[in-house]
Amino acid sequence: MSFRSFLLLILLLNYTQCANILAIFNAPSKSNIILGVKLAEGLIKRGHHVTMASPFVSDPVDGLTQLHLKTIYDYREKLYRANAITTMNPFNIVKIMIQYWTEVSDLFWEEPAIQKIIEEKPKFDVVITFSVFTDAISGLAYHLGVPSIFFSPVGSNNLVNYYVANPNMVYVPNMMFPATSNTFLARLYTVTANIGMHLMAEFFITPYQRDLLKKYLPDCPSLEDLQKNVSLMLMNSHFSIESPRPHVPNAIQIGGFHLDQTKELPEDIKNFLDSAKQGAILFSMGTNVNVAIFGEEKLKAIFKVLGELAPMRVLFKSEMEHKNAPDNVMVKKWLPQADILAHPNMRAFISHGGLGGNTESVYHGVPMVGIPFYGDQRMNIQVAKSAGYAVGLDYEHLTEDLFRSKINEILENPRYGENAKKRSALIKGQLIKPMDNAAFWIEHIIKYGSGSHLRNDGMDLSWYQLYMVDIYLFYTVFLCLISFITYKTMKVSYRFLRRICSKNPVKQKKS
């Protein structure tokens, strides 16, 4: 065989293995879109073509076709009215999220790019979609005649686990309502929270998603059937960043997949950090929390404490202007968070506790001060505290003295940094790189079809069957029935014996 023929054969084999992948990341959260783009880039490097629909447009990438969901982008400011959310309990936050995702779902199906896909039915090999609250989107995979893969940016939680019948163990904290121990009351709280969230989905989310499916894809099977036929669940998690838990074969952990390569920092940031001989701190509340949420009084206290840390340097992400920021603080509207945390002079990371930030903190071995607000953030900080690489404080109770004490605790106690480095070794020491693992399983589904060989029978059960609610209910009714029958039997027996005794009184002997 000539070299030209050999080269042609290699190119032909590579061509036949290339896939056309549709990725839908409709969440108007920039941090989630960053994950989507990283996943797409990893697949493109392996020779695949990716079409990604999202509210954000990233820099052009060869092999990536971007479909801009503009109406969702324009709507994104309504997602988190930060100052209102901080004063609400988790129940009100859930209510807001239900309303929000209902409106985003409406906008998604009316997007011209999505309507074009429905009408033209272009050739794809697999559809990857954002999971939870947008279940009807899985109907697109059926409409196009290809397998459906779900991606969970928040790791594994009780709602995500349901799609692939991943066990919801009682010792795993609920995402929205995390318990802090494994006592009986804490476990009761966790189970109640898990069931409550499923009831919320059953009565407030699923019916609307069912209506959307009937409206836009009337030829699709029921929403329940689509939910039970998810081929794969990619979870942005790893045991180094969440509490360990069991996983079924089609629940794949890929936490840290977006952190394989560190990019060079912008020159001003690089110089700022390089000259931080006493170390540096990053203050960032992520892409969904505006620091205006803290209010003038709390921000004043925060900047005062950060100024006291000089000559230590502080990078501060804020959408606002802070003209009175201390000299050792650099304020930027946007910061390359992961690349900054990779800098050797980083000493601490002050964060809201989003899973992305936690993952980056662990990956680069930087301890955290967590100020959680909503969603999974409290749980993430709780897990980080339990692992010994973070301290936490509530936004409501943030004062100058408390903020100062938490930062000093992280900086002065070496165990936090040591524990962060240990966690870093765990996530970096995986046999297979997370991105390679994600790509392997996506290609596995493309190659073998539906992924039915990975399914477990639990996927055919409803949520209450998975939680064995029907079994416990049966035992409860059975025990109540047995108790009732026993009570009635004893009552009748007592009356019968009493009647006999009254008819045959015992005669006393005469002395």
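Read in order, the letters of the sequence shown are residues -18 to -1, 1 to 493 in mature numbering (1 follows the signal peptide of the UniProt record, and there is no 0). For every residue, glycine included, the Cβ atom is placed at its ideal position computed from N, Cα and C.
Q: Thinking Ala292 and Pro308 are a contact (beta carbons under 8 Å), I'd like their distance in whole angstroms, please.
A: Along the sequence shown, read from residue 1 onward, the residue named residue 292 stands at position 310. Along the sequence shown, read from residue 1 onward, the residue named residue 308 stands at position 326. The pair is a contact, with the Cβ atoms about 7 Å apart (cut-off 8 Å).
Q. Taking contact to mean at least 3 C-beta pairs separated by less than 8 Å, is the stretch 244 to 254 in contact with the stretch 319 to 337?
A. yes
Q) Start and end of the beta strand (DSSP E) containing Met215? A) One-based indexing of the sequence shown puts residue 215 at position 233. From DSSP, the beta strand (DSSP E) with Met215 extends over 214 to 217.
Q) Going by DSSP, what residues sit across from Lys299 in a beta bridge? A) Your numbering for residue 299 matches position 317 in the sequence shown. Lys299 is bridged to Lys314.
Q | DSSP three-state assignment for Met328, whether helix, strand or coil | A | Indexing the sequence shown from 1 puts residue 328 at position 346. Correct three-state label for Met328: strand.
Q: Leaving out five residues on either side along the sequence, give the residues of the same chain with a beta carbon under 6 Å from the beta carbon of Ile409.
A: Position 427 of the sequence shown, counted from the first residue, corresponds to residue 409. So the qualifying residues of the chain are His220, Ser222, Gly238, Val344, Tyr345.
Q. DSSP state of Ser120, grouped into three classes?
A. Taking the sequence shown and counting its residues from 1, the one referred to as residue 120 is at position 138. Three-state result, Ser120: helix.
Q: Check the DSSP bridge columns for Ala35 and list the partner residues they point to.
A: Translated into positions along the sequence shown, residue 35 becomes position 53. Ala35 is bridged to Ile6, Leu49.
Q.
Quick check: what's the CA-CA separation for Asn419 versus Leu126?
A. Counting from 1 along the sequence shown, the entry for residue 419 is found at position 437. Counting from 1 along the sequence shown, the entry for residue 126 is found at position 144. Each residue's Cα considered, the two are about 25 Å apart.
Q: Would you kindly report the start and end of the unbroken beta strand (DSSP E) that includes Gln235?
A: Along the sequence shown, one-based indexing puts residue 235 at 253. Looking at the DSSP string, the run of the beta strand (DSSP E) that includes Gln235 is 233 to 235.
Q. Would you say the stretch 31 to 45 touches the stretch 358 to 365, given that touching needs at least three Cβ pairs under 8 Å?
A. no
Q. For Glu184, which option in Val114, Ser134, Leu167 has the closest C-alpha, if you only look at C-alpha atoms?
A. Taking the sequence shown and counting its residues from 1, the one referred to as residue 184 is at position 202. That would be Val114, whose Cα lies nearest to the Cα of Glu184.
Q. Considering only the beta carbon of each residue, do Leu216 and Ile234 sit closer than 7 Å?
A. The count along the sequence shown starts at 1 and reaches residue 216 at position 234. The count along the sequence shown starts at 1 and reaches residue 234 at position 252. Result yes, Cβ atoms of Leu216 and Ile234 sit closer than 7 Å.
(Q) Quick check on Val351: does DSSP put it in helix, strand or coil? (A) If you number the sequence shown from 1, residue 351 lands on position 369. Three-state DSSP puts Val351 in a strand.
Q: Return the chain-ordered list of same chain residues with a C-beta closer than 8 Å to the C-beta of Glu303, the five sequence neighbours on each side being excluded.
A: As a first step, residue 303 is located in the sequence shown; it is residue number 321 there, counting from the start. Counting only Cβ-Cβ distances below 8 Å, and skipping sequence neighbours, we find Val313.
Q. For Val273, which beta-bridge partners are listed by DSSP?
A. By one-based count along the sequence shown, residue 273 stands at place 291. DSSP, once it has assigned bridges, lists no residue as partnering Val273.
Q: Compare the beta carbon distance of Ala274 and Met328 with 7 Å and say whether it is the shorter of the two.
A: The residue given as residue 274 occupies position 292 in the sequence shown. The residue given as residue 328 occupies position 346 in the sequence shown. Result no, Cβ atoms of Ala274 and Met328 do not sit closer than 7 Å.
Q) On the three-state DSSP scale, how would you describe Ala372? A) As a working note, residue 372 is residue 390 in the sequence shown. Ala372 falls in the strand class under three-state DSSP.
(Q) If you follow the beta strand (DSSP E) that Leu264 is in, where does it begin and where does it stop? (A) Along the sequence shown, read from residue 1 onward, the residue named residue 264 stands at position 282. Leu264 -> beta strand (DSSP E) spans 262 to 266.
Q) Whose C-beta lies closer than 6 Å to the C-beta of Pro326 among residues of the same chain, with five residues either side of it excluded? A) On the sequence shown, position 344 is the one that residue 326 refers to. Correct list: empty, nothing qualifies.
Q) When burial is assigned at 16 or more other CB atoms within 10 Å of the CB, is residue 568 buried or exposed? A) With the chain covering only -18 through 493, there is no way to say anything about residue 568.
Q) Measuring CB to CB, does Ile131 end up less than 7 Å from Ser36? A) In the sequence shown, residue 131 corresponds to position 149, counting from 1. In the sequence shown, residue 36 corresponds to position 54, counting from 1. Cβ distance not < 7 Å, so Ile131 and Ser36 don't count as in contact.
Q: Starting from the C-beta of Pro129, find all residues in its chain whose C-beta is less than 7 Å away, skip the five residues before and the five after it, and write them out in chain order.
A: Along the sequence shown, one-based indexing puts residue 129 at 147. Counting only Cβ-Cβ distances below 7 Å, and skipping sequence neighbours, we find Val108, Ala123, Ser213, Ile427, Gly431, Ser432, Gly433.
Q. Helix, strand or coil: how does DSSP classify Ser40 here?
A. Translated into the one-based positions of the sequence shown, residue 40 becomes position 58. Residue state, collapsed to three classes: coil.
(Q) By the DSSP assignment, the alpha helix (DSSP H) with Ile26 in it spans what residues? (A) Numbered from 1 along the sequence shown, position 44 holds the residue referred to as residue 26. From DSSP, the alpha helix (DSSP H) with Ile26 extends over 12 to 27.
Q. Counting along the chain, where does the beta strand (DSSP E) carrying Ser130 start and finish?
A. To locate residue 130, count along the sequence shown from 1; it is residue 148. 130 to 134 is the span of the beta strand (DSSP E), which, as asked, contains Ser130.
(Q) For Val142 and Ser225, which I take to be in contact (beta-carbon distance under 8 Å), what is that distance rounded to the nearest angstrom? (A) Walking along the sequence shown from the start, residue 142 turns up at place 160. Walking along the sequence shown from the start, residue 225 turns up at place 243. 15 Å between Cβ atoms; not a contact.
Q) For Pro10, does the count of other Cβ atoms within 10 angstroms reach 16, so buried, or fall short, so exposed? A) As a working mapping, residue 10 is identified with position 28 in the sequence shown. Buried, because 16 or more other Cβ atoms sit within 10 Å of the Cβ of Pro10.
Q | Gly347 burial status per 10 Å Cβ neighbour count (16 or more: buried) | A | Working through the sequence shown from its first residue, we reach residue 347 at position 365. That one is buried.
Q. On the three-state DSSP scale, how would you describe Thr111?
A. Reading the sequence shown from its first residue, position 129 is the one you call residue 111. Thr111 falls in the strand class under three-state DSSP.
Q | Bounding residues of the alpha helix (DSSP H) (the contiguous stretch that carries Gly399) | A | Reading the sequence shown from its first residue, position 417 is the one you call residue 399. 396 to 410 is the extent of the alpha helix (DSSP H) around Gly399.
Q | Selected residue, minimal CA-CA separation from Leu199, among Asn395, Glu101, Val76 | A | As a first step, residue 199 must be located in the sequence shown, where it is residue number 217. Ranking Asn395, Glu101, Val76 by Cα distance to Leu199 puts Glu101 first.
(Q) Suppose you measure from the CA of Phe466 to the CA of Asp201; what does that come to, to the nearest Å? (A) Looking up residue 466 in the sequence shown gives position 484. Looking up residue 201 in the sequence shown gives position 219. In a straight line, the C-alpha of Phe466 is about 51 Å away from that of Asp201.
Q.
I need the straight-line Cα distance from Ser266 to Arg227, nearest angstrom please.
A. Counting from one through the sequence shown, the residue named residue 266 turns up at place 284. Counting from one through the sequence shown, the residue named residue 227 turns up at place 245. About 29 Å.
Q) If we call anything under 7 Å between Cβ atoms a contact, is Ala1 one with His30? A) Stepping through the sequence shown from its first residue, residue 1 is reached at position 19. Stepping through the sequence shown from its first residue, residue 30 is reached at position 48. Yes. Within cutoff.
**Q.** Cβ-based neighbour list, Val136, same chain, cut-off 6 Å, excluding 5 preceding and 5 following
**A.** For this step, residue 136 is matched to residue 154 along the sequence shown. Taken in chain order, the residues that qualify are Leu337, Asp358.
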